[in-house]
Amino acid sequence: MAPLLSMNRISKRRPDKAREWLFDDITAAIDKGERVALLGASGTGKSTLLRIAALLEPIDDGELHLEGIAQISFKPEHWRKKISYVAQAPVMLAGTVEQNLRTASELHGTLFDEPLARRCMAEAELGHLDWKKPAAELSGGEKQRTALVRSLLLRPAMLLLDETTSSLDPTSKEAVEHMLNRWAEREGTAMAWITHDMEQSRSVSDQIWFMGDGKLLERGDTKAFFQGPSTEQARRFIQKPIEREAGGNE
Ligand SMILES: Nc1ncnc2c1ncn2[C@@H]1O[C@H](COP(=O)(O)OP(=O)(O)O)[C@@H](O)[C@H]1O
Ligand SMILES: [Mg+2]
Numbered sequence: 366m367a368p369l370l371s372m373n374r375i376s377k378r379r380p381d382k383a384r385e386w387l388f389d390d391i392t393a394a395i396d397k398g399e400r401v402a403l404l405g406a407s408g409t410g411k412s413t414l415l416r417i418a419a420l421l422e423p424i425d426d427g428e429l430h431l432e433g434i435a436q437i438s439f440k441p442e443h444w445r446k447k448i449s450y451v452a453q454a455p456v457m458l459a460g461t462v463e464q465n466l467r468t469a470s471e472l473h474g475t476l477f478d479e480p481l482a483r484r485c486m487a488e489a490e491l492g493h494l495d496w497k498k499p500a501a502e503l504s505g506g507e508k509q510r511t512a513l514v515r516s517l518l519l520r521p522a523m524l525l526l527d528e529t530t531s532s533l534d535p536t537s538k539e540a541v542e543h544m545l546n547r548w549a550e551r552e553g554t555a556m557a558w559i560t561h562d563m564e565q566s567r568s569v570s571d572q573i574w575f576m577g578d579g580k581l582l583e584r585g586d587t588k589a590f591f592q593g594p595s596t597e598q599a600r601r602f603i604q605k606p607i608e609r610e611a612g613g614n615e
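Under our numbering, the letters of the sequence shown match residues 366 to 615, in that order.
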């Protein structure tokens, strides 16, 4: 069976310097229900790669397939219903929390599953949130989790999580990890997490993708990666992900 998502020789020029490649020749695939942690220093193009996978950013070369079907055959909104990207600093739509939660179903012409929305919000430790509150007034962490629930309600085949827990305190972070692990088990949703939290990357992934030097330098089993990465870049990164992060240009 074809993988859920396959990326074949994807290349992307730097948005700021079009003559240089941000990355090139990235080939990777993810199966239904598989969980990936995407690691790498800041500025290596992790967010760009996930945005490409959600058709939010064009590619300069290469091909994408969803369940074996070429991207060109999809309407972007159909693709994005299957592969949903949760931004690091999500854009809330004008209006209330409830209106934001209802957006996805309205956009895609599906029924709003309010009990599911309530359960997800509670599991994300947002059970207390007043749905009549303007979404613009939420904190960064509340916006991230509301955007996450908004994406979950689409029941996508794959979720792309861009540092989704980066503004959360440890308790809320764990709640979100548990919620997503349970969700993946129940729904068979594939997930790709960008994270700088090594503990998290171990607990939420089956495989690691490691980006550096404009390449996907490593792609393999999570345990094997942490026991002994194949590249010097990954070895250094595992030891000091935060310091390398601080040297980045986010
Ligand atoms: N819209 C943009 N305009 C200019 N430069 C951008 C834009 N988006 C990303 N970049 C640059 O592309 C590089 C990769 O960005 P990004 O994919 O966000 O990396 P990462 O998520 O790994 O930190 C960075 O150098 C960033 O500054
Ligand atoms: Mg990023």
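The C-beta atom is built at its ideal place from N, Cα and C for all residues, glycine as well.
| Query | Result |
| --- | --- |
| 7 Å Cβ cutoff met for A512 and P441 | no |
| Alpha carbon of N614 to alpha carbon of A549, nearest angstrom | Confidence is the limiting factor: at N614 the pLDDT is only 42, short of 50, which leaves the residue's position unreliable and the question unanswerable from this model. |
| Buried/exposed call for I616, threshold 16 Cβ in 10 Å | In the structure as shown, the chain starts at 366 and stops at 615, and residue 616 therefore has no counterpart that could be examined. |
| Extent of the continuous alpha helix (DSSP H) to which A540 belongs | 535-552 |
| Proximity winner among R378, D396, D390, relative to M523 (alpha-carbon distances) | D396 |
| Exposure label - Q572; buried when at least 16 CB within 10 Å | buried |
| Cβ neighbour criterion (16 or more within 10 Å) applied to G619 | Outside the displayed range of the chain (366 to 615) lies residue 619, so it cannot be described from this structure. |
| Same chain, Cβ closer than 8 Å to A611, neighbours up to 5 away in sequence not counted | Here A611 scores only 47 on pLDDT, less than 50, and its place in the model is too uncertain to base an answer on. |
| Entirely enclosed alpha helix (DSSP H) segments - the segment 580-609, minimum 4 residues | 587-592, 597-604 |
| S470: first and last residue of the uninterrupted alpha helix (DSSP H) it sits in | 462-473 |
| Test item: CB-CB of G553 and G398 under 7 Å | yes |
| L466 at chain E interface by Cβ criterion, 7 Å | Chain labels in this structure do not include chain E; a single protein chain is all it has. |
| Range of the contiguous beta strand (DSSP E) that encloses A402 | 400-404 |
| Inter-residue Cα distance where the pair is F602 and I448 | 28 Å |
| Spatial distance of F575 from T409 (CA atoms) | 10 Å |
| Heavy atom of ligand 2 within 6 Å of K411 beta-carbon | yes |
| Sequence ranges, alpha helix (DSSP H) only - wholly within the segment 420-460, length at least 4 | 441-447 |
| Collapsed DSSP secondary structure at T413 in the structure displayed | helix |
| Same chain, Cβ closer than 6 Å to L533, five either side skipped, listed in chain order | G506 |
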